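Participant: Below is the structure I would like to discuss, written out as structure tokens.
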Amino acid sequence: MSVVIPTSNGAGNGQHGHSVATRLAVPRVLAHFWRWWSGELCSVITPLMDRYWVDRHGTIDIALMPDGAVVLPPRLNGRDVRLIVDAAHVLRKTVAYPAAVEENLADVVLNDLDRQTPFTSEQIYLAHRIERRYDAADGVARIDVELVMVMRRVVSAALTRIRDAGGAVYSAVIAEPDSAATTELLPVAERTRRRMSRLQQMNLALVGALLLLIAIAIAVPILQRRAEVVELGPRVEKARNDAEATRKIEAEFQRVSQEYQLATARKYQSTPVVDIIEELTRLSPDTTWLQSLELRAPPGTSKSNKSLREVQLIGEAASLSKMIELLEQSALLQNTTQRAQTTRGTQPNTERFQIATELKPRAAPELIDVLAIAVVPRVDKLTAPNDASTILPPPRTREAP
Amino acid sequence: MSATWPQTGSSQRLRTPAAQRAAALGALLLAAALVIAALALPAWWLYDRYDSAATQLARQLRSYTSLNQLRPTLTQALEALKAKESRKFFVKGASAALAGADLQDIVKSLIETNNGRLLSSQLLAHKDDSGVRQVNATIQMTASIQNLRQILHAMESREPYLFLDNLTVRAQVPSGFKPQAGFEPEMFIQFDVSGLSLVAPVAPKPTNGKPTAKVKS
Chain A
116 MSVVIPTSNG AGNGQHGHSV ATRLAVPRVL AHFWRWWSGE LCSVITPLMD
166 RYWVDRHGTI DIALMPDGAV VLPPRLNGRD VRLIVDAAHV LRKTVAYPAA
216 VEENLADVVL NDLDRQTPFT SEQIYLAHRI ERRYDAADGV ARIDVELVMV
266 MRRVVSAALT RIRDAGGAVY SAVIAEPDSA ATTELLPVAE RTRRRMSRLQ
316 QMNLALVGAL LLLIAIAIAV PILQRRAEVV ELGPRVEKAR NDAEATRKIE
366 AEFQRVSQEY QLATARKYQS TPVVDIIEEL TRLSPDTTWL QSLELRAPPG
416 TSKSNKSLRE VQLIGEAASL SKMIELLEQS ALLQNTTQRA QTTRGTQPNT
466 ERFQIATELK PRAAPELIDV LAIAVVPRVD KLTAPNDAST ILPPPRTREA
516 P
Chain B
53 MSATWPQTGS SQRLRTPAAQ RAAALGALLL AAALVIAALA LPAWWLYDRY
103 DSAATQLARQ LRSYTSLNQL RPTLTQALEA LKAKESRKFF VKGASAALAG
153 ADLQDIVKSL IETNNGRLLS SQLLAHKDDS GVRQVNATIQ MTASIQNLRQ
203 ILHAMESREP YLFLDNLTVR AQVPSGFKPQ AGFEPEMFIQ FDVSGLSLVA
253 PVAPKPTNGK PTAKVKS
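Top line first, the protein sequences correspond to chains A and B.
Numbers given in this note's numbering equal positions in the first sequence, counted from 1, plus 115.
Numbers given in this note's numbering equal positions in the second sequence, counted from 1, plus 52.
Given below as structure tokens:
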């Protein structure tokens with residue numbers, strides 16, 4: 116794509132692409148890329164803008180004829196005008212420069228103007244474009260630059276007529292005969308800024324509104340969540356402080372509950388010895404004489420069954436088998452066995468025995484839910500203390516014998 | 053100015069104007085994507101940060117609130133438990149020696165109150181488990197059958213709780229012995245008695261479970 120840039124031949128005549136890159140002092144490669152990229156995008160976007168954006172009702176092209184005449188429409192007042200200069204008015208010259216001057220080509224062309232042409236910069240509108248890059252025979256990289264010139268007096272007369280008729284000239288271009296491309300002649304300082312039509316203003320407003328809505332759509336959820344965080348912060352802090360106090364109560368509750376449980380559970384596990392003696396007294400026939408009673412863990416009891424207890428009885432009775440039968444009927448005792456050979460007792464009609472019987476394990480009473488006792492119903496079982504919430508009922512006190 | 057980019061290397065494929073234009077449009081799309089990303093990513097990061105914080109705070113609030121709702125229940129349950137005075141189930145004494153002495157005092161008092169005769173009392177090794185210390189003692193005594201029942205009943209139905217084990221009761225008269233009226237023969241009795249005491253949070257010095265006192269009467 117060939118891009119033609121009007122050469123700066125007037126004060127404050129800023130250019131796009133090349134001069135922007137120069138002002139930013141970007142590296143040469145980036146400057147080159149920028150020139151290429153902006154030029155390519157201009158070539159794509161400009162026709163699109165002309166087709167879809169430019170308000171044709173407010174814009175008009177006026178041709179500058181080969182004889183210097185311009186044909187003005189009847190009503191020009193307030194309309195944007197593009198002057199199309201006929202190729203007959205154009206002078207062209209190709210000049211070779213070292214490629215090193217490309218970065219400041221506009222200044223170089225202006226300074227070299229009086230050497231290459233008989234004109235001064237005040238006499239002409241000047242544009243230039245790089246036609247070709249190549250390595251010369253001497254090995255130096257060179258560029259061929261085409262200078263495009265139109266006499267200022269020819270164009271100025273036309274511009275004056277148009278402006279006098281009320282038109283606003285925003286562009287003066289040379290229609291290239293062999294392509295659709297145009298060459299801009301007017302420096303930026305001499306162009307009249309194009310006015311926007313109502314439709315363009317509305318379109319711009321709509322685009323602005325669209326961007327604003329997008330920004331709102333992005334910002335509102337963020338602000339809402341932020342407000343939520345700001346609002347939740349103090350509530351969580353207060354709830355955390357309350358929860359700390361609740362946890363202390365819970366820890367105290369668990370400690371007291373554990374103390375209570377340990378003592379009562381242990382009490383429930385052990386059968387009162389006085390009950391065992393009472394039971395033996397109740398079950399034994401009147402002819403029974405106990406010489407010795409021992410209560411201890413049976414030999415070989417494992418640690419996992421350390422609560423198992425055995426009662427060993429040595430004495431004399433009328434009938435050992437009857438005694439075993441009676442002991443087996445006990446609610447406290449089980450697995451009564453003979454431990455030694457039965458011999459004759461010291462009293463008539465008695466047998467000397469040695470038997471052992473196991474204590475039945477005591478069934479723990481049903482647990483009481485301490486939290487259920489309280490008036491306020493439980494809200495969340497998961498956060499409630501688990502083991503501590505249920506306790507054993509207090510053991511009953513036996514009546515004195 | 054005629055601009056082609058780039059000029060060397062693999063760029064030979066971009067020689068045609070259409071390819072150059074496509075490359076420029078591609079670069080434009082890339083630049084637009086970068087601009088959108090530069091705007092959208094911080095916005096997304098910010099939203100995600102606030103969203104995570106809000107979600108976490110809401111979860112914390114729910115958790116704390118549900119715990120706090122239990123507070124009245126817990127308070128009442130604690131008061132109900134405290135009313136049961138669970139400490140009265142434990143023998144007094146911050147150390148094993150003190151608890152053992154307390155245990156021995158209680159047993160001695162019970163035996164003598166119920167007309168038994170204490171022969172000896174010896175502390176055994178204590179055992180600590182789950183913040184509770186079990187202090188043990190071996191008791192030897194003599195008593196009649198009626199007094200033995202009263203002593204055992206007194207020991208097993210009082211507070212602090214006492215637990216009896218390894219009981220041996222041996223008659224000291226032969227089978228068929230017929231005592232005089234109003235006279236009950238004495239029996240030799242030996243048993244282990246244990247009580248529970250609460251372990252202080254900071255124990256001053258471990259005793260390695262060794263007996264700390266021995267009382268002979």
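For each residue, glycine too, the CB sits at the ideal point set by N, CA and C.
Computed from a prediction, not measured in an experiment: that's the story for all the values here.
#1: Within a Cβ cutoff of 6 Å, which residues of the same chain sit near Leu81(B), ignoring the five residues on either side of it in sequence?
#2: Looking at Leu86(B) and the ligand NAD, is the gap between the Cβ and the nearest heavy atom below 7 Å?
#3: Taking any Cβ of chain A, which residues in the segment 108-136 of chain B have a Cβ under 7 Å from it, in chain order?
#4: What residue does the beta strand (DSSP E) around Pro213(A) start on, and which one ends it?
#5: Can the beta-carbon of Ile199(A) be found less than 8 Å from the beta-carbon of Leu228(A)?
#6: Less than 8 Å between C-beta atoms, sequence neighbours within five positions excluded: which residues of the same chain meet that for Gln288(A)?
#7: For chain A, is any of its Cβ atoms less than 8 Å away from the one on Thr220(B)?
#8: So what does DSSP say about Tyr240(A), is it helix, strand or coil?
#9: Report the CB separation of Phe243(B) from Leu214(B) in whole angstroms; it is logged as a contact under 8 Å.
#10: Which of helix, strand or coil does DSSP assign to Thr307(A)?
#11: Suppose you measure from the CA of Glu155(A) to the CA of Gln72(B); what does that come to, to the nearest Å?
#12: Compare the C-beta of Thr452(A) against all C-beta atoms of chain B and say whether one is closer than 8 Å.
#13: Is it buried or exposed, Lys179(B), if we count other Cβ atoms within 10 angstroms and call 16 or more buried?
#14: Out of Ser271(A), Ala252(A), Arg230(A) and Asp390(A), which has the shortest C-alpha to C-alpha gap to Val185(A)?
#15: Taking only beta-carbon atoms, is Ala55(B) less than 8 Å away from chain A?
#16: Anything in chain A within Cβ reach of Phe235(B), meaning under 9 Å, just list it in chain order.
#17: Between which residues of its own chain and Leu447(A) is the CB-CB distance below 7 Å, once the five residues before and five after are set aside?
#18: What is the C-beta distance between Glu238(B) and Gln198(B), in whole angstroms, given that I count them as a contact (C-beta under 8 Å)?
#19: Would you kindly report the start and end of the unbroken beta strand (DSSP E) that includes Met180(A)?
#20: Quick one: is Ser249(B) buried, meaning 16 or more other Cβ sit within 10 Å of its Cβ, or exposed?
#21: Please determine if the segment 359-370 of chain A and the segment 117-131 of chain B are in contact, where contact requires at least 3 C-beta pairs separated by less than 8 Å.
#22: Per DSSP, what kind of secondary structure is Ala446(A) in: helix, strand or coil?
#23: Select from Arg267(A), Glu431(A), Thr452(A) and Thr232(A) the residue whose C-alpha is nearest the C-alpha of Lys208(A).
#24: Would you list, in chain order, the members of the segment 355-372 of chain A that have their beta-carbon closer than 7 Å to a beta-carbon of chain B?
#25: Along chain A, in chain order, which residues have C-beta atoms closer than 8 Å to that of Glu208(B)?
#26: In this structure, does DSSP put Arg467(A) in helix, strand or coil?
#27: Under 8 Å between C-beta atoms, does Arg226(B) make it to chain A?
#28: Taking only beta-carbon positions, decide if Ser182(B) is within less than 8 Å of chain A.
Facilitator: So, to answer that:
#1: Excluding residues within five positions, none has a Cβ falling inside 6 Å.
#2: No copy of the ligand NAD occurs in the structure displayed, which carries no ligand at all.
#3: Listed by position, the residues of the segment 108-136 of chain B near chain A (Cβ gap below 7 Å) are Leu109, Ala110, Gln112, Leu113, Tyr116, Thr117, Ser118, Leu119, Asn120, Gln121, Leu122, Arg123, Pro124, Thr125, Leu126, Thr127, Gln128, Ala129, Leu130, Ala132, Leu133, Lys134 and Lys136.
#4: For Pro213(A), the enclosing beta strand (DSSP E) starts and ends at Val205 to Pro213.
#5: No, they are not a contact pair.
#6: Note on residue identity: the sequence assigns Val, not Gln, to residue 288(A). These residues qualify, in order along the chain: Arg197, Leu198, Ile199, Val200, Thr297, Thr298, Glu299 and Leu300.
#7: With 8 Å as the cut-off, Thr220(B) counts as an interface residue toward chain A.
#8: Tyr240(A): strand per DSSP, three-state reduction.
#9: So it is not a contact: roughly 10 Å between Cβ atoms.
#10: The DSSP-derived three-state label of Thr307(A) is coil.
#11: Near 7 Å, if we compare the C-alpha coordinates of Gln72(B) and Glu155(A).
#12: The beta-carbon of Thr452(A) is placed no less than 8 Å from the nearest beta-carbon of chain B.
#13: The residue is exposed, with fewer than 16 neighbouring Cβ atoms inside 10 Å.
#14: Selected option, being the one with the closest Cα: Ser271(A).
#15: Because Ala55(B) sits at a pLDDT of 46, beneath the cut-off of 50, its placement in the model cannot be relied upon, and the following sentence gives the value as read from the coordinates. With 8 Å as the cut-off, Ala55(B) counts as an interface residue toward chain A.
#16: Residues of chain A with a Cβ closer than 9 Å to the Cβ of Phe235(B) do not exist, since the nearest Cβ in that chain sits about 17 Å away.
#17: Excluding residues within five positions, the ones whose Cβ falls inside 7 Å are Thr386, Asp390, Ile391, Glu394, Leu474 and Lys475.
#18: The C-beta distance from Glu238(B) to Gln198(B) rounds to 11 Å, too long to meet the 8 Å contact threshold.
#19: For Met180(A), no beta strand (DSSP E) run applies, since DSSP gives it neither H nor E.
#20: That one is buried.
#21: Taking 8 Å as the limit for Cβ pairs, the verdict is that the segment 117-131 of chain B does touch the segment 359-370 of chain A.
#22: Looking at Ala446(A) - three-state DSSP - the assignment turns out to be coil, as it is neither helix nor strand.
#23: Nearest neighbour of Lys208(A) by Cα position, chosen from Arg267(A), Glu431(A), Thr452(A) and Thr232(A), turns out to be Thr232(A).
#24: Result list: Arg355, Asp357, Ala358, Thr361, Ile364, Glu365, Glu367, Phe368, Val371 and Ser372.
#25: By Cβ distance, chain A contributes Pro387, Val388, Val389 and Arg513.
#26: Of the three classes helix, strand and coil, the one that applies to Arg467(A) here is strand, per DSSP.
#27: Correcting the residue type first, residue 226(B) is Pro in the shown sequence and not Arg. Taking 8 Å as the threshold, the shortest C-beta distance from Pro226(B) to chain A falls below it.
#28: With a threshold of 8 Å between beta carbons, Ser182(B) makes contact with chain A.
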